[in-house]
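Numbering (UniProt numbering), first residue to last: 1 to 332.
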């Protein structure tokens with residue numbers, strides 16, 4: 001398997017990076033990259049954890065934003081997606097055998113790649129499924145991760161044809177019946193901006209759609225019953241106050257209020273029981289905050305740069321049109 005990052009029109013590859021594969025506990029090879037800031041000395045490293053179906057290529061713009069502020073970025077394609085090894089023989093199926101595999105991958109990435117090669121202190125930004133992974137692993141990350149930012153973490157699910165409870169219940173029954181490999185979504189329709197629930201920014205929507213169109217091996221279809229069942233158990237676990245009290249890493253929870261994937265109410269509920277967490281709601285924003293229209297995305301970036309120590313907060317406020325003595329919450 002070639003080690004490669006794709007440089008695409010309208011989505012240029014950030015400069016000054018190293019890339020490779022690391023081997024997971026079960027032998028899967030996972031693609032990673034570390035992007036260095038031109039600013040020296042570096043102010044630390046952000047570990048960026050993706051959502052389901054995402055790849056390193058999707059985050060080039062955000063990586064540029066972070067490295068421009070003096071931070072390095074370390075990131076990897078989750079198992080079963082991007083150019084990491086796929087878990088299922090049908091590479092279009094979003095599958096995982098155990099949710100703990102995601103956590104073990106993250107901890108191995110920190111141990112084998114990030115700590116030896118990147119710059120401390122370490123921070124983490126985790127989106128959607130990545131947010132669920134980070135939340136589940138967080139009690140063991142204290143002492144390694146200085147601050148954690150969760151973007152629309154997958155702590156609940158909007159029901160479509162059926163409620164979230166019924167979706168998770170059906171997934172459980174299929175797993176118990178030995179049908180965990182069954183695909184829970186069979187839709188093969190191409191993405192449609194007019195009906196999408198991810199972003200209100202058409203340019204970024206088209207860019208992300210083009211990435212998979214131009215590089216089909218990055219694409220991923222619907223999740224399997226096993227994936228949904230494993231995530232449902234993790235969601236239940238991270239929402240338990242007993243789990244949340246074990247998390248001591250200062251955490252910023254960025255919650256888009258028009259999230260069509262994870263209900264805003266589920267993110268609010270998590271925050272109420274999360275002593276180390278602080279909720280920042282972003283009215284009008286959809287699920288993918290870092291892929292959103294600038295009026296929402298810049299709020300998220302301003303909050304991140306204000307929260308992560310070491311960033312030049314004054315420069316970031318100026319870049320986003322906010323004053324240094326204001327907060328993103330004033331614009332929420």
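Glycine included, each C-beta is placed from N, C-alpha and C at the ideal position. For clarity, every value in this text was computed on a predicted model and none was experimentally measured.
Asked: For residue 274 and residue 61, the rounded distance between their alpha carbons; Found: 30 Å
Asked: Option nearest residue 179 by Cα separation, candidates 97, 25, 216; Found: 97
Asked: Three-state secondary structure assigned by DSSP to residue 114; Found: helix
Asked: Residue 205: first and last residue of the uninterrupted alpha helix (DSSP H) it sits in; Found: 202-214
Asked: Where the alpha helix (DSSP H) containing residue 99 begins and where it ends; Found: 99-109
Asked: Span separating the alpha-carbon of residue 259 from that of residue 135; Found: 19 Å
Asked: Distance between residue 230 and residue 95 (C-alpha atoms, nearest Å); Found: 10 Å
Asked: First through last residue of the beta strand (DSSP E) which encompasses residue 256; Found: 251-256
Asked: Per-residue DSSP class, three states only, for residue 248; Found: coil
Asked: Cβ shell of residue 237 (< 8 Å), same chain only, five flanking positions each side left out; Found: 136, 243
Asked: Meets three-Cβ-pair contact criterion under 8 Å: the region 47-65 and the region 113-127; Found: yes
Asked: Other residues of its chain near residue 208: CB distance less than 7 Å, five sequence neighbours each side excluded; Found: 58, 291
Asked: Host beta strand (DSSP E) of residue 39 (start-end); Found: Per DSSP, residue 39 belongs to no beta strand (DSSP E) and is neither H nor E.
Asked: C-alpha distance - residue 16 paired with residue 152, whole-angstrom precision; Found: 29 Å
Asked: Residues near residue 87 in its chain [Cβ-Cβ closer than 7 Å; skip 5 each side]; Found: 79, 80, 95, 96, 97
Asked: Rounded straight-line distance, which links the Cα of residue 220 to that of residue 253; Found: 27 Å
Asked: Contact under 9 Å by Cβ, residue 56 with residue 93; Found: no
Asked: Cβ pair count under 8 Å reaching 3, the region 283-290 against the region 187-201; Found: yes
Asked: Local Cβ density within 10 Å of residue 105, reported as buried at 16 or more and exposed below that; Found: buried
Asked: Neighbourhood of residue 26 by C-beta, 8 Å cutoff - its chain only, sequence neighbours within 5 removed; Found: 101
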